[in-house]
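Participant: Take a look at this one; I'll ask things after.
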Amino acid sequence: LKHRNLNDKCWICASLAISYSLYTNLGAIEVIRISKHADGCRVDVHAFHHDQQLSELKRLAAEDPRPVSEIYDELASNITTNLDTAAYFPSCDQARNTMYYSRTKRYPRLPARRQDRWLTAEQTTTKSGAQFLMYDSPTNDILIFATKAGVRLLAQSNCWCGDETIMIVPSWYQQFFTLHAFMRGKLLPVVYCLTVRKDLSTYSRIFEV
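Taken in order, the sequence shown gives residues 1 to 209; the numbers are from UniProt numbering.
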């Protein structure tokens with residue numbers, strides 16, 4: 001898929017050496033017009049269906065706030081009812097990075113320094129409008145997110161669990177630290193912390209809050 005217009009989609013040949021384009025309706029089920037195709041270049045219908053579904057996954061990832069895995073599973077379930085095209089549906093591994101990249105373009109780029117960042121109402125409240133930002137340190141070195149219900153659950157729990165990751169964090173921070181509590185036999189994350197450092201004083205400040 002080269003680009004999406006207001007009333008149609010433009011597809012180009014996978015061979016970069018060949019100038020060929022095909023226009024379909026937005027649903028990609030009807031060919032509107034084509035340019036002259038070069039001799040010896042075979043039209044790959046399988047690739048067409050594959051790219052069509054990959055483009056749809058990209059669009060959904062950008063517009064639908066649900067988890068990427070849920071979007072993929074739903075579309076895959078709908079597509080597999082059609083045996084003619086089910087075999088050409090992109091695998092989860094093929095689609096995952098493309099979908100995540102498409103989703104990241106929805107969000108503004110982070111400023112170079114954490115001191116220059118600012119949090120919107122959407123980022124500090126839950127979907128129901130409840131306050132989610134619990135603490136923002138004056139030096140921006142600790143951010144703590146939690147709901148009142150989550151804090152109450154933590155206070156009522158006799159067993160807390162902590163976890164941290166350094167793999168998925170904004171570049172300003174060194175770790176993503178979470179606190180978990182048990183509820184009906186399940187371990188639930190209830191407090192989420194972004195920190196610049198991983199030392200005793202940082203953890204002490206988190207628990208003091």
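Positions of the beta carbon are idealized from the N, C-alpha and C atoms, including for glycine.
Give me, in chain order, the residues of the same chain whose beta-carbon lies closer than 6 Å to that of residue 111; leave out the 5 immediate sequence neighbours on both sides.
Facilitator: Residue numbering aside, residue 111 sits at position 111 when the sequence shown is read from its first letter. Once the five neighbours on either side are set aside, the close Cβ partners of residue 111 are 117.
Participant: Is the distance from the Cβ of residue 146 to the Cβ of residue 191 below 8 Å?
Facilitator: Here residue 146 refers to the residue found at position 146 when the sequence shown is read from its first residue. Here residue 191 refers to the residue found at position 191 when the sequence shown is read from its first residue. Against a cut-off of 8 Å, the Cβ pair of residue 191 and residue 146 comes out as a contact.
Participant: In this structure, how does DSSP classify residue 154 when only helix, strand and coil are distinguished?
Facilitator: One-based indexing of the sequence shown puts residue 154 at position 154. Here residue 154 sits in helix by DSSP.
Participant: Near residue 34, which residues of its chain fall below 6 Å by C-beta distance, leaving aside the five closest residues on each side in sequence?
Facilitator: By 1-based counting over the sequence shown, the position of residue 34 is 34. Same-chain partners within the cutoff: 22.
Participant: Excluding sequence positions up to five away, which residues of its chain have a Cβ less than 7 Å from the Cβ of residue 154?
Facilitator: Translated into positions along the sequence shown, residue 154 becomes position 154. 160, 179, 181, 190 and 191.
Participant: Identify the continuous beta strand (DSSP E) that holds residue 177 and give its terminal residues.
Facilitator: In the sequence shown, the residue the question calls residue 177 occupies position 177. That run of the beta strand (DSSP E) goes 175–183.
Participant: For the candidate residues 94, 143 and 138, whose alpha-carbon lies nearest to that of residue 123?
Facilitator: Within the sequence shown, residue 123 is the residue found at index 123, counting from 1. Measuring from the Cα of residue 123, the nearest candidate turns out to be 143.
Participant: Taking just the CA atoms, how far does residue 75 sit from residue 62?
Facilitator: Here the question's residue 62 lines up with position 62 in the sequence shown. Here the question's residue 75 lines up with position 75 in the sequence shown. About 14 Å.
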